[in-house]
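First the structure, in the form of structure tokens, and then the observations on it.
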Amino acid sequence: MSECVLCKEHRRNRVVHENKYAYTIMSINPVKAGHILILPKKCVPNLEDLTDEEKLYLIDEIEFMRKILKKKYGTRGVTLFCGMENGTQPQHLHFQMYPEEIAMTHMVMGEYYGVDATKHIPQEELQRITDEMKTFIDGVRNEK
Ligand SMILES: [Zn+2]
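Following the working numbering, the numbering of the sequence shown begins with 771 at its first residue and continues without gaps.
Pasting the structure below:
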């Protein structure tokens, strides 16, 4: 079996932030600036496959990154979603989040934003936005 694409991003050091059991990477096909994926380190398809402690760390990472996106992009809020058992993510559970003023939950995001979900952005561009987000997070941490 080939390596999970999300685990591969972790191995490639594309992580912008992490805690003990969860981490965040930039989307490889972003619908807009600040589109991130938040996932458990354990490569499992469902929440029920995680321990209670792993779930807590996953929620902590979601909460941390919500604050980061709001601060970096200046939006009132974020959109957070996760397709479970709907055929979109058979391998590795992940939550998607991006900064947004108004919820668009009734629309398919790729369609709405005019993004072709089968096309990935170039590796260099992905690395650039990853490094930019890491630098921003470091800056926020240094404020305290
Ligand atoms: Zn994986």
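All residues carry an ideal CB built from backbone N, CA and C; glycine is no exception.
With 16 or more other CB atoms across the displayed protein chains lying within 10 angstroms of its CB, residue 866 is buried. In the DSSP assignment, the residues bridged to residue 792 are 810.
For residue 801, there is no enclosing alpha helix (DSSP H), as DSSP gives it neither H nor E. Note on geometry: alpha-carbon atoms of residue 785 and residue 826 lie some 19 Å from one another. Separation of the CB atoms of residue 820 and residue 828 is rounded to 7 Å, and the pair is thereby assigned contact status at 8 Å.
The residue from 868, 862, 845 and 889 with its alpha-carbon nearest to that of residue 802 is 868. The C-beta of residue 804 has 16 or more other C-beta atoms within 10 Å across all chains shown, which makes the residue buried.
Residues of the same chain with a CB within less than 8 Å of the CB of residue 814, apart from the 5 flanking positions on each side, are 820, 862 and 863 in chain order. One thing to note: residue 835 has its Cβ no nearer than 8 Å to the Cβ of residue 798. Of the residues 787, 891, 773 and 890, the one whose Cα lies closest to the Cα of residue 901 is 787.
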